[in-house]
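Engineer: Numbering (this note's numbering), first residue to last: 32 to 194.
Ideal placement from N, C-alpha and C gives every residue a C-beta, glycine not left out.
1) With DSSP collapsed to three states, give me the class of residue 166.
2) Return the chain-ordered list of same chain residues with a C-beta closer than 8 Å to the C-beta of residue 81, the five sequence neighbours on each side being excluded.
3) Terminal residues of the continuous beta strand (DSSP E) containing residue 62?
4) Going along the chain, which unbroken runs of the alpha helix (DSSP H) with 4 or more residues stay wholly within the segment 44-124?
5) Since residue 154 is in the beta strand (DSSP E), which residue starts that stretch and which ends it?
6) Any idea if residue 182 is buried or exposed, counting beta-carbon neighbours within 10 angstroms, 16 or more meaning buried?
7) Would residue 159 pass as a contact of residue 88 if the rule is Cβ separation under 7 Å?
8) Can you give the Cα-Cα distance for residue 162 and residue 68, rounded to whole angstroms?
9) Less than 8 Å between C-beta atoms, sequence neighbours within five positions excluded: which residues of the same chain meet that for residue 51?
10) Out of 58, 165, 190 and 169, point me to the one whose CA is closest to residue 135's CA.
11) Between 108, 133, 85 and 172, which has its C-alpha nearest residue 153's C-alpha?
12) Buried or exposed: where does residue 104 fall if 16 or more other Cβ atoms within 10 Å of its Cβ makes it buried?
13) Whose C-alpha, out of 108, 187, 157 and 167, is nearest the C-alpha of residue 79?
14) Pull up the CB-CB distance for residue 155 and residue 146, whole angstroms please, since I reckon it's below 8 Å.
15) CA-CA distance, residue 126 and residue 85?
16) Kindly indicate the opening and closing residues of the beta strand (DSSP E) around residue 131.
What follows is the structure, given as structure tokens:
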């Protein structure tokens, strides 16, 4: 088999479940954990590769909508299996003001059932998890839209907060 996908239905994450913790460096080398985002909403999005067309579109949409997301009490974090150097270049090139976490060994992507293993390379699946202030999964966006993911999260945050 040349292709495997981590994340079967049997071990899929579910709404209401505690989100798996992580400890990963961002593009500046700062370590982030899920615990450090408690008490706020968190849009945790996995994306395949830095500086590719779809990933760039998605990241720039989050950048452009960041004020709206912050006004709704949400933080944004992107995660891919790219390294911190790649993330730093990507963040600088597109002026991305939120953390991009380097999941080099793909452990976090596996925990979130968001890894595609092509044997030669590993890529994160384009999945997004909206995590509530208590660390529970509030919404899951599988195969998230690069152009609409941010807007969907804003809409769902308003609905979940009864705004």
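Structural biologist: Taking the coordinates as given:
1) DSSP places residue 166 in the coil class of the three-state scheme, outside both helix and strand.
2) Once the five neighbours on either side are set aside, the close Cβ partners of residue 81 are 111, 113, 117, 118, 120, 121 and 131.
3) First-last of the beta strand (DSSP E) with residue 62: 62-64.
4) As far as the segment 44-124 is concerned, its whole alpha helix (DSSP H) runs of at least 4 residues are 84-95 and 97-102.
5) Per DSSP, residue 154 belongs to the beta strand (DSSP E) from 153-155.
6) By the 10 Å Cβ count, residue 182 comes out exposed.
7) Against a cut-off of 7 Å, the Cβ pair of residue 88 and residue 159 comes out as no contact.
8) Rounded to the nearest angstrom, the two C-alpha atoms are 9 Å apart.
9) Only residues of its own chain outside the window of five on either side were considered, and among them 44, 65, 139, 142 and 143 have a CB closer than 8 Å to the CB of residue 51, listed in chain order.
10) Measuring from the Cα of residue 135, the nearest candidate turns out to be 58.
11) For the residues 108, 133, 85 and 172, the minimum Cα distance to residue 153 belongs to 133.
12) Exposed: under 16 other Cβ atoms inside 10 Å.
13) Minimum Cα distance to residue 79 is reached at 157.
14) Confirmed, Cβ separation roughly 6 Å.
15) The alpha-carbon atoms of residue 126 and residue 85 are separated by roughly 16 Å.
16) Going by DSSP, residue 131 is part of the beta strand (DSSP E) stretching over 131-133.
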